[in-house]
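These notes are about the structure you will find just below.
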Amino acid sequence: MTRRRLNIVLIYAGVVLTCAILLFPIYWLVVTALSKPIDLRVLPPNFWPEVPQWQVFGKVLGDRPLLLWLGNSTLAAAGAVTLSMSVSIFAGYSLSRFRVRGGQSLGLFILTAKMLPATLLVIPLFGIFRSVGLVGSLWSVILAQATLIVPFTTWMLKGYFDTIPRELEQAAMVDGCSPLGALFRVILPVATPGLAATCLYGFVLSWSEYAYARTFLTSAQGNWTANLGLTTMKGEYVSDWNEISAAAIMVAIPVLLIYLFLERYLVSGLTAGAEK
Amino acid sequence: MAGIRIENVRKSFGVLEVLKGFSLDVADGEFVVLVGPSGCGKSTMLKILAGLDDATSGQILIGDREVTDVAPGDRDVAMVFQNYALYPHLTVARNMGFGLKMRGMARAEIDRRVLEAAKILDVEHLLDRRPKQLSGGQRQRVALGRAIVREPQAFLMDEPLSNLDAKLRVHMRAEIGALHKRLGVTTIYVTHDQIEAMTMADRIVIMRDGAIQQIADPDTMFQHPANLFVAGFIGSPGMNFMRSTVTMGANGPQLRLFGQDVPVDRPIANLAGKPVIVGLRPEHFATGAGAVRFTVTPRLIESLGSEKYLYIDVPEENRGAVATRGGEDDHRGDSIIARIMDVGAIPQSAAITLSFDPARLYLFDAETHVTIAG
Ligand SMILES: Nc1ncnc2c1ncn2[C@@H]1O[C@H](COP(=O)(O)OP(=O)(O)O)[C@@H](O)[C@H]1O
Ligand SMILES: [Mg+2]
Chain A
1 MTRRRLNIVL
11 IYAGVVLTCA
21 ILLFPIYWLV
31 VTALSKPIDL
41 RVLPPNFWPE
51 VPQWQVFGKV
61 LGDRPLLLWL
71 GNSTLAAAGA
81 VTLSMSVSIF
91 AGYSLSRFRV
101 RGGQSLGLFI
111 LTAKMLPATL
121 LVIPLFGIFR
131 SVGLVGSLWS
141 VILAQATLIV
151 PFTTWMLKGY
161 FDTIPRELEQ
171 AAMVDGCSPL
181 GALFRVILPV
191 ATPGLAATCL
201 YGFVLSWSEY
211 AYARTFLTSA
221 QGNWTANLGL
231 TTMKGEYVSD
241 WNEISAAAIM
251 VAIPVLLIYL
261 FLERYLVSGL
271 TAGAEK
Chain B
1 MAGIRIENVR
11 KSFGVLEVLK
21 GFSLDVADGE
31 FVVLVGPSGC
41 GKSTMLKILA
51 GLDDATSGQI
61 LIGDREVTDV
71 APGDRDVAMV
81 FQNYALYPHL
91 TVARNMGFGL
101 KMRGMARAEI
111 DRRVLEAAKI
121 LDVEHLLDRR
131 PKQLSGGQRQ
141 RVALGRAIVR
151 EPQAFLMDEP
161 LSNLDAKLRV
171 HMRAEIGALH
181 KRLGVTTIYV
191 THDQIEAMTM
201 ADRIVIMRDG
211 AIQQIADPDT
221 MFQHPANLFV
231 AGFIGSPGMN
241 FMRSTVTMGA
251 NGPQLRLFGQ
261 DVPVDRPIAN
271 LAGKPVIVGL
281 RPEHFATGAG
291 AVRFTVTPRL
301 IESLGSEKYL
311 YIDVPEENRG
321 AVATRGGEDD
331 HRGDSIIARI
341 MDVGAIPQSA
351 AITLSFDPAR
361 LYLFDAETHV
371 TIAG
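Quick mapping for you: the protein sequence lines, in order, are chains A and B. Residue numbering for the first sequence follows this note's numbering, beginning at 1 and increasing consecutively. Residue numbering for the second sequence follows this note's numbering, beginning at 1 and increasing consecutively.
Here you go:
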């Protein structure tokens, strides 16, 4: 009895501690955004500004093309995810279903792409994009990010397809579907939670990507993504940390919103196969 | 409807030969059961029939049409899977109508056929539900319904009852039988359960390690097993096996069993001095008087009410014949079972006299395990 109670206390303590560690930076971001710049230099720090400076958000939106950056980020992420998914659906499905000679090694080879740091690939990619005139275009970021995202989404989808019994597409084929028809009419609809989770994951990868955007887009201000734009707000001599924080919050919000909307799908997508 | 002809189908996965020349003629409207221990190649054969897997060599004919290279959807067969494989994202009605829709049938005709099949299977009230909201038995019915709305040339069923509990299984067994009588569609049914095979089949095909052991109707299969494997697989509890040697007595050939020389009226004089495996079904023992009598003290007596199972130690000289039943090795080398019907109490650990008729004995070649004719 007491032992059980102790366990519960320990579990709660663990949960609270984890949440505190995870949430503190976000909390501090909010505090920083809402404080006057001058108050940020006091010691000991204030844990909540006396007068929250809500107008900082309006000021940032007025001073910087944040909405344009967010729009660019959205376009880049949507493009990179669409491209990645159209590749990964077939790649993941093949890896899950077809046993071909070398298939397993091919699958693992895809993973090596994700072991290489982006900074290593950035130079050859830059060369390629320059020769085809894509530097400065959002397409460069879309294509480059797809190379980052595809390995992840392929393996996530393979894992999800593995949980779907083969008999489903066999039934569909006996019922008159072609193999592709079975994929589109039966497997993909059944895999919707997995597809949603995978899309979201790809979206977040793209949204938080910086190295490619920085390399390919720096010279094209109109195409800056939110992440890239954000870093340009840090001045060489002075930085308005409250404004940077406010912008950062606004950059984070879309991802949070998507999480909230898709949470139901995400949970069932990530725990697929646990039940059956 | 149509008959099915399977000609010398072989299938290998790499070096593993899973089907070693499978040939079978199924008559129009026949109910054929493929039975055998798990891993013997039953599902593989069914998938090849459905077109879901390619044979390494051999031919498949449905009706008079060669379908060896025809896509599954164009073979006009319907399949029922062990895990039902209902489409989780579609309602029951759409599950059942899916195959018709894929064939471009008009909506109204699909609805009519689905309703008709739903009535036959008593799932009319479930048509708007999703598979997730159904019980195991209901899913089974919907899976059958999805097959029958197609009005195909043949039904292929792969262990369709093994996910049901015992009671429901017996019920659905009868129901599938009734459905077959009513529709008369050629059916190939796969199971590892010999009782399902015995109760449902017009003909049984018994398989082991990718090779057909015997093709026969249930009674023939039971009474005249082609070899030791079939003899041990069909029947429950399985046939008892003992090792013995043929000798020549004054009145002809005899076998040494339970410490006696048992004369056997078979033309096996040519086997004199050779070892054989002797089979005797548990139900062919009796208490008291009989042609051959022996006294034993059973190791254990199990009472099932109407019948009793007596576990009897095999004499040393008769040991060493191991039967393989139902896939699992049934190491009954040193004990046999006598199944005694309608007897009163038998005291445990007391001597009892049992008897059997040597005409009931089965003889198998000790090396090849093939039934010795006679
Ligand atoms: N896709 C496959 N690749 C390799 N081996 C397989 C494959 N499918 C089945 N097998 C093997 O073929 C044998 C027969 O399998 P199966 O037809 O499913 O047996 P059953 O249905 O009689 O239990 C088994 O040994 C199985 O491991
Ligand atoms: Mg099987």
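Idealized CB from N, CA, C, for every residue including glycine. Computed from a predicted model, the values in this text were never measured in an experiment.
query, result
"Which residues in the same chain have their Cβ closer than 6 Å to the Cβ of arginine 325/B, if we skip the five residues on either side of it in sequence?", "In this predicted model, arginine 325/B has a pLDDT of only 44, less than 50, meaning its place in the structure is not dependable enough to derive any value."
"Alpha carbon to alpha carbon, how far is arginine 64/A from leucine 143/A?", "27 Å"
"Look up threonine 247/B in the DSSP assignment and give the residues it is bridged to.", "Gln254/B"
"In chain order, what residues of the same chain lie with their CB nearer than 8 Å to the CB of lysine 274/B, ignoring the 5 residues before and after it?", "Thr245, Val246 and Ala366"
"So, does the stretch 108-126 of chain A touch the stretch 223-231 of chain A, judging by three or more C-beta pairs under 8 Å?", "no"
"Does any heavy atom of ligand 1 sit closer than 8 Å to the C-beta of arginine 99/A?", "yes"
"Just curious, the alpha helix (DSSP H) that tyrosine 12/A is in, first and last residue?", "2-34"
"Under 9 Å, Cβ to Cβ, is there at least one residue of chain A near alanine 93/B?", "no"
"For glycine 344/B, is the beta carbon positioned less than 8 Å from some heavy atom of ligand 1?", "no"
"Mind listing which residues of the stretch 186-201 of chain A have their C-beta closer than 9 Å to chain B's C-betas, in chain order?", "Val186, Pro189, Val190 and Thr192"
"From the DSSP output, in three-state form, read off threonine 324/B for me.", "Because the pLDDT at threonine 324/B is just 43, under 50, the model does not fix this residue reliably, and the point stays unresolved."
"I'd like to know if the stretch 190-210 of chain A and the stretch 117-128 of chain B are in contact, where contact means that at least 3 CB-CB pairs between them fall below 8 Å.", "no"
"Quick check on the burial criterion: 16 or more other C-beta atoms within 10 angstroms. Buried or exposed for threonine 32/A?", "buried"
"Taking Cβ positions only, does tyrosine 362/B come closer than 9 Å to chain A?", "no"
"Closest to leucine 19/B by CA distance: which of Ala211/B, Gln138/B, Arg112/B and Thr199/B is it?", "Ala211/B"
"Can you give the Cα-Cα distance for alanine 171/A and methionine 79/B, rounded to whole angstroms?", "7 Å"
"Can you give me the Cβ contacts of aspartate 162/A inside the same chain, cut-off strictly under 6 Å, excluding the 5 residues immediately before and after it?", "Ser96"
"What does the alpha-carbon distance come out to for the pair alanine 274/A and arginine 94/B?", "For alanine 274/A, the predicted model reports a pLDDT of 39, less than 50, meaning its position is unreliable; a value from the coordinates is still stated below. Rounded to the nearest angstrom, the two C-alpha atoms are 27 Å apart."
"Can lysine 20/B be considered in contact with ligand 1, in the sense that its beta carbon sits closer than 8 Å to one or more heavy atoms?", "no"
"What in chain A is Cβ-close to leucine 52/B, meaning under 8 Å?", "Gln170, Met173 and Val174"
"Going by the beta-carbon positions, is the gap between glycine 145/B and aspartate 165/B smaller than 9 Å?", "no"
"When the Cα atoms are used, what is the spatial distance from arginine 139/B to leucine 66/A?", "54 Å"
"Under 8 Å by Cβ, that's how I've got threonine 91/B and leucine 127/B pegged, so tell me the actual separation to the nearest angstrom.", "7 Å"
"Report yes or no: is there a C-beta of chain C within less than 9 Å of the C-beta of cysteine 177/A?", "Although the question refers to chain C, the structure presented lacks it and instead comprises the protein chains A and B."
"Check the Cβ of glutamate 167/A against every Cβ in chain B and list those closer than 7 Å, keeping chain order.", "Phe81, Asn83 and Ala85"
"For the structure I just gave you, are there three or more beta carbon pairs, one from the stretch 245-257 of chain A and one from the stretch 47-66 of chain A, closer than 8 Å?", "yes"
"Could you give the distance in angstroms between the alpha-carbon of glutamine 221/A and the alpha-carbon of methionine 96/B?", "57 Å"
"Assuming contact is defined by CB atoms lying nearer than 9 Å, are glycine 217/A and glycine 102/A in contact in what I supplied?", "Position check: residue 217/A holds leucine in this sequence, whereas glycine was assumed. Result no, Cβ atoms of leucine 217/A and glycine 102/A do not sit closer than 9 Å."
"Is glutamate 66/B near ligand 2, in the sense that its beta carbon is under 8 Å from a heavy atom of that ligand?", "no"
"Does the CB of lysine 167/B have a neighbour CB from chain A at under 9 Å?", "no"
"In whole angstroms, what is the alpha-carbon distance linking tyrosine 311/B and valine 292/B?", "18 Å"
"Verify the CB distance criterion: does methionine 102/B have a CB-CB separation below 9 Å to chain A?", "yes"
"Using a beta-carbon distance below 9 Å, is alanine 71/B in contact with chain A?", "yes"
"How is glutamate 17/B classed by DSSP in three states: helix, strand or coil?", "strand"
"Please name the residue, chosen from Ile164/A, Ala76/A and Trp241/A, that lies closest to leucine 195/A on a Cα-to-Cα basis.", "Ile164/A"
"Under 8 Å: does the beta carbon of proline 56/B sit that close to some heavy atom of ligand 1?", "The sequence given here has threonine at residue 56/B, not proline. No, the Cβ of threonine 56/B stays beyond 8 Å of every heavy atom of ligand 1."
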